[in-house]
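Student: The opening residue of the sequence shown carries number 2 in the numbering used here; numbering runs sequentially from there.
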Amino acid sequence: MRLSIASVVSCLAALAMAATKPDYTQDPTGNAILKPGLNELVPAGKPYTVEWDPTTTGPVSLVLLRGPSTNVVPIETLADSIPNSGSFSWTPSTSLEPDTTHYGLMLVVEGTGQYQYSTQFGISNPDYTGSTSNSSSTATSATETKSSSATESSSSKPSTTGTPETTTTTTTTTATSGSASADTTTATTETSATTLVTQTFAVMAF
Numbered sequence: 002m003r004l005s006i007a008s009v010v011s012c013l014a015a016l017a018m019a020a021t022k023p024d025y026t027q028d029p030t031g032n033a034i035l036k037p038g039l040n041e042l043v044p045a046g047k048p049y050t051v052e053w054d055p056t057t058t059g060p061v062s063l064v065l066l067r068g069p070s071t072n073v074v075p076i077e078t079l080a081d082s083i084p085n086s087g088s089f090s091w092t093p094s095t096s097l098e099p100d101t102t103h104y105g106l107m108l109v110v111e112g113t114g115q116y117q118y119s120t121q122f123g124i125s126n127p128d129y130t131g132s133t134s135n136s137s138s139t140a141t142s143a144t145e146t147k148s149s150s151a152t153e154s155s156s157s158k159p160s161t162t163g164t165p166e167t168t169t170t171t172t173t174t175t176a177t178s179g180s181a182s183a184d185t186t187t188a189t190t191e192t193s194a195t196t197l198v199t200q201t202f203a204v205m206a207f
């Protein structure tokens, strides 16, 4: 768990109470934090024992962190200059937002700036009444409604053969909601009316 440059500025402000600031020019070493463990849920409002392996002498400070592992931000100093005994009783505030992860601890050795991170853990807080960062997404789907109308018109025009020719035009319009265009299909059917003229000649024999 490393701090970005932007988080270092926030960290310095949050650690104003601590006598010694973390030396971020060095990698975290020593005093491995054992509890809380990875993804462990720590109950808010109840005493919880933080445990670590004390490998240095002198007092230490404990800081609560929040955020992704690549960009954690200090939000509260839990203990300032306590003996490096390897344990500390911590009662998480009921104002902490519940989360399954994204919380962490930093242990700072007073006088040297040596520091160590815990793995990320969560906070369970069923009585939390504040706004949560978890957001729900709503998926919407658009339903297209198509309507078709057919209009037939008939017209007659004279034929060069003297036989009337009838033209029938069918126009089909399809409209789609949410669209600025309409598709129009026009089908023209020509029907020729053929008149069969039968001429009967009578031959009279005289």
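Each residue gets a CB set at the ideal place from its N, CA and C atoms; glycine is no exception.
1. Do residue 99 and residue 84 have their CB atoms nearer than 8 Å?
2. Contact defined as beta carbons within less than 8 Å: I believe residue 43 pairs with residue 88. What is the distance between those atoms, to the nearest angstrom?
3. Do the CB positions of residue 119 and residue 23 come within less than 8 Å of each other?
4. Roughly how many whole angstroms lie between the Cα atoms of residue 73 and residue 28?
5. So what does DSSP say about residue 97, is it helix, strand or coil?
6. Is there at least one Cβ from chain B nearer than 8 Å to residue 40's Cβ?
7. For residue 112, I'd like the list of residues in its chain whose CB is within less than 7 Å of its CB, leaving aside the five on either flank, ordered along the chain.
8. Rounded to the nearest angstrom, what separates residue 90 and residue 102 at their Cα positions?
9. Provide the residue(s) that pair with residue 82 in DSSP beta bridges, ordered along the chain.
10. Which value, in whole angstroms, describes the spacing of the CA atoms of residue 33 and residue 54?
11. DSSP three-state call for residue 105: helix, strand or coil?
Tutor: In short, the structure shows the following:
1. no
2. The Cβ separation is near 14 Å, so there is no contact.
3. no
4. 15 Å
5. coil
6. The structure shown has no chain B; it contains just one protein chain.
7. 21 and 59
8. 20 Å
9. Residue 82 pairs with nothing; no bridge assigned.
10. 5 Å
11. strand
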